[in-house]
Each structure stands twice: as structure tokens, then as C-alpha cells.
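When the letters of the sequence shown are read in order and numbered with the numbering used here, they come out as residues 11 to 317. For each residue, glycine too, the CB sits at the ideal point set by N, CA and C. The next block holds one structure in the form of C-alpha cells; read it before the comments.
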Amino acid sequence: MELNLERPLLFFDIESTGLNIASDSIIELCFVKVLPGGERWVKTWRVRPWDYENQCQRPINPSAQAVHGISAEDLTGCPTFYQITDEVVEWLTGSDLAGFNSAKFDLPMLAEEIERVRRYTDKQPAIDLHSMKMVDVQNIFHAMEPRTLKAAYLFYCGLELENAHAAEADTLATYEVLKGQLDRYEGDPRIENNVEKLAKFSTKQRTVDYAGRLTLNDKDEPVISFGKHKGKTAREVYFSEPSYFAWIDNGDFTLDTKRQFAKLKNQYEAEKKAAAAEKKKSTTFVPRTKGYTPFEELGSLFSQEED
């Protein structure tokens with residue numbers, strides 16, 4: 011079905027240096043403008059991510075690069091967002107917006123880049139994203155195809171779930187849904203009838219604690235997932251601000267979270283003590299012989315020369 015439009019609808023997508031709206035930047039931006047009547051215009055920019063405060067190119071987070079495959083070298087010679095701002099504004103003007111999950115990430119990131127140009131440069135882009143209508147296609151998908159146990163039971167088992175939200179009915183339905191998933195996806199290499207592989211496939215984020223305050227990075231290092239130290243390893247935080255671990259222990263966190271932080275604290279303290287002991291052990295100390303002074307050795311040398 012063709013779109014019923016009274017004014018252009020601009021679909022857009024962004025690739026970035028990372029997922030932090032405040033500290034990351036756009037490195038690829040695509041606009042697809044659909045006009046009333048169905049005519050379609052497409053424009054894609056590769057963008058050199060610029061840190062306006064430090065006047066340097068912003069690095070690309072390795073985890074982000076692993077997803078989109080764009081490296082810093084790929085952006086050599088590309089314009090900064092400041093340099094394409096006028097063209098971006100021209101494309102945006104008079105349009106409404108659409109994207110997939112764009113309301114949560116792409117739109118805030120685009121707005122942040124425009125605000126940086128306003129704050130740190132001589133340009134004042136004449137565009138107000140807040141005044142534009144935003145169609146999020148992912149939200150429509152989730153609303154129309156609910157991801158509930160009842161919906162999964164109907165999809166995989168072909169049955170209506172009776173007595174939903176009763177613990178026994180929900181538990182038995184979950185068992186049947188898993189069997190139905192294995193039947194439906196039999197032969198798909200991503201799904202195997204093996205608990206270890208199913209657990210790995212069904213885990214979205216590797217967490218240390220059940221609340222997800224600590225996650226594991228690609229090096230299996232515990233990483234803080236929230237607050238002022240978000241993205242830093244727990245080890246880095248312990249050695250730079252050990253009081254943070256006490257704050258966790260005294261704060262409004264789950265007991266499991268506190269236990270995992272305490273285990274890490276004990277591990278880091280043990281490593282610190284072991285390193286100090288090793289350093290002390292490697293420092294050799296030669297005691298001075300009673301009555302001996304360095305001048306005695308010099309005296310013996312002089313006497314040898316006289317002989």
C-alpha cells in the first residue's frame with residue numbers, strides 16, 4: 011500500500027561511534043524522502059565524527075565498529091557534521107520523520123549533533139525537530155505483533171492460552187512454546203536442541219548480577235552499566251575510586267548486586283596485596299657489616315696502588 015501523505019515523510023537511519031547520545035557522534039546518515047504521490051529521494055553521508063570541545067576527531071567504539079564495520083580510516087576526507095549541516099537542514103525542512111526504533115536513538119542523536127553545531131560554531135540551524143511528527147515503525151510492529159506469552163503460545167502451538175497469568179498455566183505454556191520453537195526452527199543453525207547453546211542464543215546481555223548493574227565486555231571483564239562510571243570496568247573504578255564500592259554496599263541496590271560488587275572488591279584487594287608483597291620481595295636489602303664503612307674499601311684500593 012502506498013503512503014497517504016500530505017507532506018514529505020523523511021525516513022532516516024544513523025550509524026555512530028557508540029550508543030551514548032551525549033558523547034558519541036554520527037558517522038553515517040541516510041535520508042529517504044518520500045513525497046506525496048510516491049516519488050522518492052535518497053541521500054547518504056559518511057561523516058567524520060568531531061569533538062568540538064577538544065577540537066579533534068572522536069574515536070569509534072570497537073563494539074560499535076563490530077556492528078557497522080565502519081573504521082576511522084573509512085572516514086578519512088569525509089566532512090564533519092558541521093560541514094553538512096546546511097544540506098541536512100534543507101532535507102529536513104517541511105518534512106515529517108520516520109524510522110525503526112528512531113525515537114529512542116536516531117532522533118536524539120540527530121538532535122544532539124544539531125545542538126552541538128548551535129553551541130560550538132557560528133551556525134544556527136533553522137530547524138526544530140520537536141515540531142516534526144515522528145513515525146516509529148518498530149513501535150507499530152511491537153503494538154500490532156505483541157511479544158507476550160499468550161501471543162507466543164498461539165504462534166508456536168496454535169492454541170489459545172487459557173487462564174493466562176496463573177503461575178501453573180504460564181509455566182506449562184512456556185514449556186510447550188520452547189518445544190514449538192525447536193520444531194519450527196529445526197534445521198536452522200542458530201537454534202539447536204541443546205541447553206547450553208539455547209541459553210547462549212537467548213541471552214541478550216551477559217550480566218554479572220541479575221539486576222544488570224554489572225555486565226561483561228568482549229574481554230569478559232565486569233563493566234559498570236549505569237551512572238557516572240557507565241562503560242568503565244569495575245577494576246578501573248576500584249583502583250581510581252574505591253569508595254564507589256562502599257557506596258554500592260550502602261545504596262538502594264539488590265543484595266545480589268551488592269554481593270557481586272563485594273566479590274570483585276575482595277578480588278581486587280587480594281591482587282593489590284599480592285602485588286605489594288611481590289614488590290617488597292623483589293627489593294633486595296644488603297645489611298652493612300658491623301664496623302664497615304665504604305671508605306675502608308677505598309683505603310684498600312689505595313694501598314694496592316702503592317704496592
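Excluding five sequence neighbours on each side, which residues of the same chain lie with their C-beta closer than 7 angstroms to the C-beta of K240?
I234
If you reduce the DSSP assignment to three classes, tell me which class I150 lands in.
helix
Suppose you measure from the CA of T126 to the CA of Y62; what does that come to, to the nearest Å?
The question names Thr, but residue 126 is Arg in the sequence shown. For R126 and Y62, the distance between alpha carbons rounds to 8 angstroms.
Beta-carbon gap between L192 and A183 smaller than 8 angstroms
no
Taking only the alpha-carbon atoms, compute the straight-line gap between L188 and V77 and give it to the nearest angstrom.
29 angstroms
May I have the straight-line CA-CA distance separating Y278 from A209, to the nearest angstrom?
30 angstroms
Would you mind sorting Q148 into buried or exposed? The rule is 16 or more other CB atoms within 10 Å of its CB.
exposed
Whole-angstrom distance between Q134 and A221, CA atom to CA atom
43 angstroms
Measuring only the C-alpha atoms, how far is D23 from F41?
7 angstroms
From the DSSP output, in three-state form, read off F165 for me.
helix
What beta strand (DSSP E) runs, 3 residues minimum, are completely inside the segment 151 to 233?
224 to 226
Beta-ladder partner(s) of A272, from DSSP
BP columns for A272 are empty, so no partner.
For my contact list, I37 and R50 are in at a C-beta cut-off of 8 angstroms; report their separation, rounded to the angstrom.
Contact doesn't hold; Cβ gap of about 24 angstroms is too wide.
Pop quiz: A82 and S26 are said to be a contact at Cβ under 8 angstroms. What is the actual Cβ separation, rounded to whole angstroms?
The Cβ separation is near 13 angstroms, so there is no contact.
List the whole-angstrom C-beta distance separating L85 from V44, where the pair is believed to meet the contact cut-off of C-beta under 8 angstroms.
Going by Cβ atoms, the distance from L85 to V44 rounds to 28 angstroms, so no, they are not a contact pair.
Exposure of W257, with buried meaning 16 or more beta-carbon neighbours within 10 Å
exposed
With 16 other CB atoms within 10 Å as the buried threshold, where does S112 fall?
buried
When the distance is taken between beta carbons, is F236 closer than 8 angstroms to R223?
yes
Between which two residues does the beta strand (DSSP E) containing R56 stretch?
R50 to R56
In the DSSP assignment, the alpha helix (DSSP H) including D116 goes from what residue to what residue?
D116 to Y130
Measuring straight from C-alpha to C-alpha, what distance separates D198 and S212?
15 angstroms
Anyone know if the C-beta pair for D219 and D262 falls short of 8 angstroms?
no
Excluding the 5 residues flanking I70 on each side, which residues of the same chain have their C-beta closer than 8 angstroms to its C-beta?
T27, G28, I37, P59, I80, S81 and A82
From N276 to R245, what does the alpha carbon distance come to, in whole angstroms?
11 angstroms
Mind reading off the beta-carbon distance from M142 to S105? Whole number of angstroms is fine, and I expect it under 8 angstroms.
7 angstroms
Just reading off the alpha helix (DSSP H) that F255 is part of, what are its end residues?
S253 to N260
Residues bridged to G87 [DSSP beta-bridge criterion]
The partner list for G87 (beta bridge, DSSP) is empty, contrary to what the question assumes.
Classification of V205 by the beta-carbon crowding that lies within 10 angstroms, buried from 16 upward
exposed
Can you find the residues in the same chain that come closer than 6 angstroms, C-beta to C-beta, to G48, ignoring five residues on each side of it along the sequence?
E12
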